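Counting from 1, one number per residue, gives the positions in the sequence shown under full-length UniProt numbering.
Notes follow the structure.
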Amino acid sequence: MNSLLLSAVVFGCLLEPVMAWNETQQLALALAPKFSGTLSIMGSVFIITDIVKSREKLGRTYSRILLVMSLYDFFTSIAQGLSTWPIPAETQGVKFASGTTFTCNFQGFFTQLGVGAPMYNCSLSFYYLIVIAFAFSEDRVRQIEGFMHFIPLSFSIGSAIAGLPLTLYNSAGLWCWIAALPGTCVNGNKPEGEGECRRGEMAWVYRWAIYYGPVWLSVVTITLNMGAVSYLVWAKERASNRFRFGHPSNLTSSSAASDAGSNDGELMDKNARAKAQAGSVTRYFASKRQKVKQKKRAGLSSQVFWQAFYYVVGFYITWITPTVLRMLQTIDKPVPFWVVMCMSILLPLQGFFNFLVYVRPRVVQYRNRHPENGLFNAIARAVRRTITVMYVSDSRAFTETEAQDIEVLDPCYALQVEKEEEHRRLSQEKLKIAEKDKLEYKENDEPHDNHVEKAPSAPRTTMEQRRLDEMRLLEEEDPSFHEGESIHMDVGCNSGDLGKNASIRSNGDCAPTDDNPSSLSSSGRQIVSGSGHGTIHDSAHQLSDIAHSNPGEESDERNQPTTTTQIAPMDGEDETTGPPTQRPYFYPEFLGDPDFFFT
Numbered sequence: 001m002n003s004l005l006l007s008a009v010v011f012g013c014l015l016e017p018v019m020a021w022n023e024t025q026q027l028a029l030a031l032a033p034k035f036s037g038t039l040s041i042m043g044s045v046f047i048i049t050d051i052v053k054s055r056e057k058l059g060r061t062y063s064r065i066l067l068v069m070s071l072y073d074f075f076t077s078i079a080q081g082l083s084t085w086p087i088p089a090e091t092q093g094v095k096f097a098s099g100t101t102f103t104c105n106f107q108g109f110f111t112q113l114g115v116g117a118p119m120y121n122c123s124l125s126f127y128y129l130i131v132i133a134f135a136f137s138e139d140r141v142r143q144i145e146g147f148m149h150f151i152p153l154s155f156s157i158g159s160a161i162a163g164l165p166l167t168l169y170n171s172a173g174l175w176c177w178i179a180a181l182p183g184t185c186v187n188g189n190k191p192e193g194e195g196e197c198r199r200g201e202m203a204w205v206y207r208w209a210i211y212y213g214p215v216w217l218s219v220v221t222i223t224l225n226m227g228a229v230s231y232l233v234w235a236k237e238r239a240s241n242r243f244r245f246g247h248p249s250n251l252t253s254s255s256a257a258s259d260a261g262s263n264d265g266e267l268m269d270k271n272a273r274a275k276a277q278a279g280s281v282t283r284y285f286a287s288k289r290q291k292v293k294q295k296k297r298a299g300l301s302s303q304v305f306w307q308a309f310y311y312v313v314g315f316y317i318t319w320i321t322p323t324v325l326r327m328l329q330t331i332d333k334p335v336p337f338w339v340v341m342c343m344s345i346l347l348p349l350q351g352f353f354n355f356l357v358y359v360r361p362r363v364v365q366y367r368n369r370h371p372e373n374g375l376f377n378a379i380a381r382a383v384r385r386t387i388t389v390m391y392v393s394d395s396r397a398f399t400e401t402e403a404q405d406i407e408v409l410d411p412c413y414a415l416q417v418e419k420e421e422e423h424r425r426l427s428q429e430k431l432k433i434a435e436k437d438k439l440e441y442k443e444n445d446e447p448h449d450n451h452v453e454k455a456p457s458a459p460r461t462t463m464e465q466r467r468l469d470e471m472r473l474l475e476e477e478d479p480s481f482h483e484g485e486s487i488h489m490d491v492g493c494n495s496g497d498l499g500k501n502a503s504i505r506s507n508g509d510c511a512p513t514d515d516n517p518s519s520l521s522s523s524g525r526q527i528v529s530g531s532g533h534g535t536i537h538d539s540a541h542q543l544s545d546i547a548h549s550n551p552g553e554e555s556d557e558r559n560q561p562t563t564t565t566q567i568a569p570m571d572g573e574d575e576t577t578g579p580p581t582q583r584p585y586f587y588p589e590f591l592g593d594p595d596f597f598f599t
């Protein structure tokens, strides 16, 4: 077995010398990255060109992240697609090795630069998380976009440059990357070994520090982010299915509640009742429209989730075989040839997988409109028409159907557009409500029926509105009673009874008067009586309820003339004692005969 040792490094890891690859296997390992790298280069070029040609796409954070990630895939695919060509020609056991130390450094630099691709995949997962989970708008995403670019760019470029003076880029079997020369030296590709390293000393430490660590950290972070996004999308779809349709009883209950409120005491007129019912119907249909919009937004969130999910699937396919290979090496197990072969094919394909996910919305739309076409036919047509749009400025070159097949809005951008439109709509509604309230307050300030009704400082509550309606009914019964009047009383000034020679003024003060034995001042009217026990006091309670119907109004009654209404004594009674019973000024008619209660 020892005579068949072959030091080969795959994915930057020194393969344990378990067996020697034969000529056919070496040829397959040398050619496979060239084909897969070419596909990845084409896919990356497609994404880059499609984004750069559109000013609208360049203005989106999502497109810019995808653009830089595709640039990383492009350069990495070129480096890995060259395969064994840049490896120095004197290297033994490597097919087609025809390079120099300079070409090896060139290939190793761009291979190490490719660590930015998985880090940008991590940034893309964070983007999907904040858009779906936290409903960030495009403006809010731009505020943190710098961090999504700074960390991958600074680390990848810095680590790639650091490898040049440290002489880390040497033959790694399939291509040049971080490796020791020779591969069996002490503290080279492994801590143990034989002899001193000419180049790439401590290569195994740098692999973990500047490549494996960031890559696996990105894998864990992407997995956690996608788990959170999956749960949130599932919760939204569940809520959307649960509240898809409103219950018909909502309209009935709202109308019933409105009728109950309007018939309470028969104080609301027909117009107010009709307005309340109309408001209930409006609220019902507004709720229905809101549910439809929520369902649409949940559908967009689902589309965004699946788009992000497929990006992650492509990422996992790219990195699963290198991860398995490294795990086998960690536990000192032999690495089968098929694992190395799969890695040499899949690792350079990251750009091609991203391309398939990028054109997926267009393919789905095309297949929905043309179900007779197969999957590969739809992909070919979507790619052909997109490429044609890149270089043909005349949109009339396409038919109306073809133009519709080309114009596809990315689901992530569509979700953001939907949220921004909803935000603008809510802002416009708030402005309309504010203008309407301002107009109503202005109308309330205008004079009506020889008196001025001041607009309240705050929106009226239900109780305040009901008291205003009571005052309007009183005005209809007694034209001399104006709803703008304010009646102020202090019924607690005499422990519940109005004593003789006590006057209740508008300011609530109780003081004896000489002119009137007992007077009630109320915005220009007085009710004067003798020492009736509790009769005027009960009326004061009723008047006080009406008086505080609009606490925002303040009346200056000191400068207004007052008129006195004397309550004449009944037959058999003198002016001193007064009648034994008196009917209050405000008496609810539905109680029946007042003499039954007040005799």
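In this text, a Cβ means the ideal position worked out from N, Cα and C, and glycines have one as well.
As the structure is a computational prediction, the values presented were derived from the model and not from experiment.
Between Ala180 and Thr76, the alpha-carbon positions lie close to 21 Å from each other.
Of the other Cβ atoms in all chains shown, fewer than 16 fall within 10 Å of the Cβ of Asp437; this residue is therefore exposed. In this structure, Phe109 and Tyr169 form a Cβ contact; the two beta carbons are roughly 7 Å apart against a cut-off of 8 Å. Looking at the backbone, the Cα of Ala235 and that of Leu29 are separated by about 46 Å. Under the DSSP assignment, Ile178 falls in the beta strand (DSSP E) whose first and last residues are Cys176 to Ile178.
Our two residues, Arg238 and Tyr128, have alpha carbons roughly 20 Å apart in a direct line.
In the three-state reduction of the DSSP assignment, Pro88 falls in the strand class.
Around the Cβ of Asn105, a 10 Å sphere holds 16 or more other Cβ atoms; the residue is buried. In this structure, the beta-carbon distance from Trp208 to Thr111 does not fall below 8 Å. Per DSSP, the unbroken beta strand (DSSP E) holding Tyr169 starts and ends at Tyr169 to Ser171. Note that the C-beta distance between Asn189 and Met202 is not below 8 Å. Under DSSP, Arg199 shares a beta bridge with Leu181.
When the beta-carbon positions are compared, Ile47 and Leu66 come within less than 8 Å of each other.
The C-alpha of Phe353 lies about 8 Å from the C-alpha of Phe315. Put simply, the backbone Cα of Gly195 is about 29 Å away from that of Thr323.
Note that the region 121 to 135 touches the region 409 to 422; at least 3 beta-carbon pairs, one per stretch, sit closer than 8 Å. The Cβ atoms of Gln92 and Trp175 do not sit closer than 8 Å to each other. Per the Cβ contact rule, the region 217 to 226 is in contact with the region 116 to 126 (3 or more Cβ pairs under 8 Å). Burial check for Asp139: the Cβ neighbour count within 10 Å stays below 16, so the residue is exposed. Lys95 and Val52 have their C-alpha atoms spaced approximately 38 Å apart. Secondary structure at Gly108: helix, using DSSP grouped into helix, strand and coil.
Here the alpha carbons of Ile144 and Glu90 stand approximately 49 Å from one another. Rounded to whole angstroms, Ser171 and Val357 show a C-alpha spacing of 33 Å. In the displayed model, Gly227 falls within a helix according to three-state DSSP. A distance below 7 Å between beta-carbons, with the five flanking residues on each side excluded, links Ser159 to the following residues of its chain, in chain order: Gln112, Val115 and Ile210.
Here Val359 is buried. Its C-beta has 16 or more other C-beta atoms within 10 Å.
Gly99 is bridged by DSSP to Pro88. The Cβ atoms of Ala380 and Tyr366 lie no closer than 8 Å to each other. Judged by DSSP secondary structure, Ser344 falls within the alpha helix (DSSP H) whose first and last residues are Phe337 to Leu346. Judged by DSSP secondary structure, Ser40 falls within the alpha helix (DSSP H) whose first and last residues are Glu23 to Val52. Between Gly173 and the set His370, Thr61, Thr84 and Leu347, the nearest pair of CA atoms involves Thr84.
Where Leu66 is concerned, the enclosing alpha helix (DSSP H) starts and stops at Thr61 to Gly81. For Pro334, the three-state secondary structure derived from DSSP is coil. Closest option to Thr101, judged by alpha-carbon separation, among Pro334, Leu164, Gly43 and Pro191: Leu164.
The three-state secondary structure of Val186, taken from DSSP, is coil.
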